[in-house]
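A.B. asks:
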Ligand code: ADP
Ligand code: MG
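Shown next as structure tokens:
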């Protein structure tokens, strides 16, 4: 399909996905605007602005899985930036006499001001986002908190531009309900477009398991940065709209109280979906409105109630507690409302051709690799070569360094010394996503699926992130699932599958990378004999069909001896033997290390004799 065709497809899909949220919102907005009075219209306006802010924040928080306390700062920047652009120069000369020249002279229409503010804030977010996107989890969250405080201080400090902590006023009230409705629709649409894009999917995968996402070729930092900038720009739009609704504001409008309110809406509705963000905004608005009326004593029938100051905040706090206790994923959890409304067929699998013959010297080469973990020598000058089309077994007692070797070769754990080369290219210091993109796939000893994503999405991540397929990741993902006999489970949540199935999904996911080399860390662990027999046939078949170089770590010696062309034996981080299965089985050093005792009888290690 052409790239234009793909774009149209993605846009129309996002439009359909957004419609169950946008259509009711438009109807409600129209109803309130036409039928109800000024007080309700005010509530509606704030509700719609909040919805933009919550959905925008969710683009980053929901997809990246990183709580951000800083987004309201972008809203503040957008508010001030847009206001400075729309206020007439004469007014500015009177109110803000010390404005820098270009700001003093600037005079734009409302929509232009919104767009410029969004772009400016986008650039600011890009600069700030580069270091933040390298952080994960709570370190990143704390950085966003720092950001909020810094933006607040800057707004207060830049007195000539913002009037400091004093009220900034004179902003024309240009925000109308129709403009808001369009802005909300655009925001929801953008959020769905992002969520369903390859970038969004890869980011959600990193939310589930960052290490595994990287090993599938996902450049996590870049994906985070994309979400961060997009969400910051939409926050700036929300800021511009609130500025031109209130007419006057000060930096404290864009600080902790609003941060808390927006995060409460997001958490209560459900962090991980756009539907959750929208629902949360609706519910919290209704709750706080009710609380406010009780507080004011203006709810009919409750006239006699004493005033309860801070009731709104208490209601929000209790709402979060209740949700965390009963439904940690929020009301919507992971699903989107359109997942239930529209059944989308799975794509047809692509026919995967056998890849072109690799160059004669193609190989995954591990040379002299050592790895120390604070004193413990996990690998000691290990060397190993895997060529395309070859199955190499890697065996050794527990703790001998097999997994560490796979980690070192896949860029997950950088070696302390030595080198790793993929088809002649030095990869020793490359991040794991770059190694994956060079065609090195892997699975994990302790299964690391993206548990909350579907089986199909798990595999699709690798197909799209690796960039090694034919540019049709959906069909390639289906093909990989068919190879592993998993097509029937494509729509299931990966975390719900049986153990053996999960192991196969991991292999399918690594296969969807279109690797030249595939490293499997104990793929048969936890499988019953029938399953592991089937696995042997499958691996044989995959090697033959795709010319894969397989590195197989396995405890089941029978399986190793049946399948492998060569076997390398590790003990205490050192290679103690390597050769054909027959040679290795008769090596006295192997027998001693592996069985922990002297050779018995004729000195042969009985295949499958022991674990
Ligand atoms: P195997 O896969 O052969 O069972 P591993 O590669 O998992 O062995 O472990 C080799 C040795 O390195 C073990 O002693 C293990 O405790 C240690 N090790 C592995 N990973 C780490 C780590 N991240 N930090 C500290 N020690 C580690
Ligand atoms: Mg291991």
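Residue numbers (the numbering used here): 29 to 639. Heads up, the beta-carbon is just placed ideally off N, CA and C, and yes, glycines get one too.
(1) In its own chain, which residues sit with a C-beta less than 7 Å from the C-beta of residue 136, not counting the 5 before and 5 after it?
(2) Skipping 5 residues on each side, what residues in its chain have a beta carbon closer than 6 Å to that of residue 106?
(3) What would DSSP say about residue 162, mapped onto helix, strand or coil?
(4) Ignore the nearest five residues each way along the sequence and tell me which others in residue 376's own chain have a CB closer than 8 Å to its CB.
(5) Can you have a look at residue 236 and say buried or exposed, based on whether 16 or more other CB atoms are within 10 angstroms of its CB?
(6) Look at the alpha carbon of residue 313 and the alpha carbon of residue 340, and state the distance between them as a whole number of angstroms.
(7) Does the beta-carbon distance from residue 298 to residue 347 come in below 9 Å?
(8) Residue 410: beta carbon under 8 Å from a heavy atom of the ligand MG?
(9) For residue 372, count neighbouring Cβ atoms within 10 angstroms of its own Cβ and tell me buried if that reaches 16, exposed if not.
(10) If we ignore side chains and look at the alpha-carbon of each, how far apart do residue 303 and residue 214 end up?
(11) Can you give me the Cβ contacts of residue 399 inside the same chain, cut-off strictly under 7 Å, excluding the 5 residues immediately before and after it?
(12) With a cut-off of 8 Å, do at least 3 Cβ pairs link the region 35–45 to the region 160–180?
(13) Would you say residue 546 and residue 468 are within 9 Å of each other, going by their C-beta atoms?
(14) Which of the three DSSP states, helix, strand or coil, is assigned to residue 399?
(15) Would the C-beta of residue 425 count as close to the ligand ADP, meaning under 8 Å from any of its heavy atoms?
(16) On a Cα-Cα basis, can you pick out the residue from 232, 34, 134 and 118 that is closest to residue 94?
(17) By a C-beta neighbour count over all protein chains shown, 10 Å radius and 16 as the cutoff for buried, is residue 261 buried or exposed?
(18) Using the Cβ count rule (16 or more neighbours within 10 Å means buried), how would you classify residue 584?
(19) Applying the criterion that 16 or more other CB atoms from any shown protein chain within 10 Å of the CB defines a buried residue, is residue 166 buried or exposed?
(20) Would you call the region 472–488 and the region 556–569 touching, i.e. three or more CB-CB distances under 8 Å?
(21) Quick test of your reading: residue 464 and residue 245, contact by CB under 8 Å. State the CB separation rounded to the nearest angstrom.
(22) For the beta strand (DSSP E) holding residue 225, just list the boundary residues, first then last.
(23) Check whether the region 245–255 touches the region 114–130, taking contact to mean three or more Cβ pairs, one atom from each stretch, closer than 8 Å.
(24) Bridge partners for residue 482 per DSSP, in chain order?
(25) DSSP three-state label for residue 724, please.
(26) Answer yes or no: the CB of residue 456 versus the heavy atoms of the ligand ADP, is any distance below 8 Å?
(27) Once the 5 residues before and after residue 173 are set aside, which same chain residues still bring their CB inside 7 Å of it?
(28) Which one or two residues does DSSP pair with residue 394 in a beta bridge?
(29) Is residue 446 near the ligand ADP, with its Cβ less than 8 Å from a heavy atom?
(30) If you draw a straight line from the alpha carbon of residue 543 to that of residue 576, how long is it in whole angstroms?
(31) Kindly provide the chain-ordered list of residues whose Cβ lies closer than 7 Å to any non-hydrogen atom of the ligand MG.
(32) If you reduce the DSSP assignment to three classes, tell me which class residue 502 lands in.
(33) Can you tell me whether residue 43 is helix, strand or coil according to DSSP?
(34) Is the Cβ-Cβ distance between residue 291 and residue 410 less than 9 Å?
(35) Reducing DSSP to helix, strand and coil, say where residue 550 ends up.
(36) Identify, in the order they occur along the chain, each residue of the same chain with its Cβ nearer than 6 Å to the Cβ of residue 293, setting aside the five sequence neighbours on each side.
C.D. replies: In this structure, then:
(1) 113, 114 and 144
(2) The answer, listed in chain order, is 145, 149, 264, 267 and 268.
(3) Residue 162: coil per DSSP, three-state reduction.
(4) 503 and 506
(5) buried
(6) 10 Å
(7) no
(8) no
(9) exposed
(10) 15 Å
(11) 406, 407, 432, 436, 441, 443 and 444
(12) no
(13) yes
(14) strand
(15) yes
(16) 232
(17) buried
(18) buried
(19) exposed
(20) no
(21) 4 Å
(22) Note, residue 225: premise wrong, no beta strand (DSSP E); not H, not E.
(23) no
(24) 521
(25) The structure shown does not extend to residue 724, since the chain is modelled only from 29 to 639, so the question has no answer here.
(26) no
(27) Sequence-distant Cβ neighbours of residue 173 in its own chain, meaning closer than 7 Å and more than five residues away, are 97 and 98.
(28) 412 and 448
(29) no
(30) 7 Å
(31) 430, 431, 473, 549, 550 and 581
(32) The answer is helix: DSSP assigns residue 502 an H, G or I state.
(33) helix
(34) no
(35) coil
(36) 82, 308, 309 and 312
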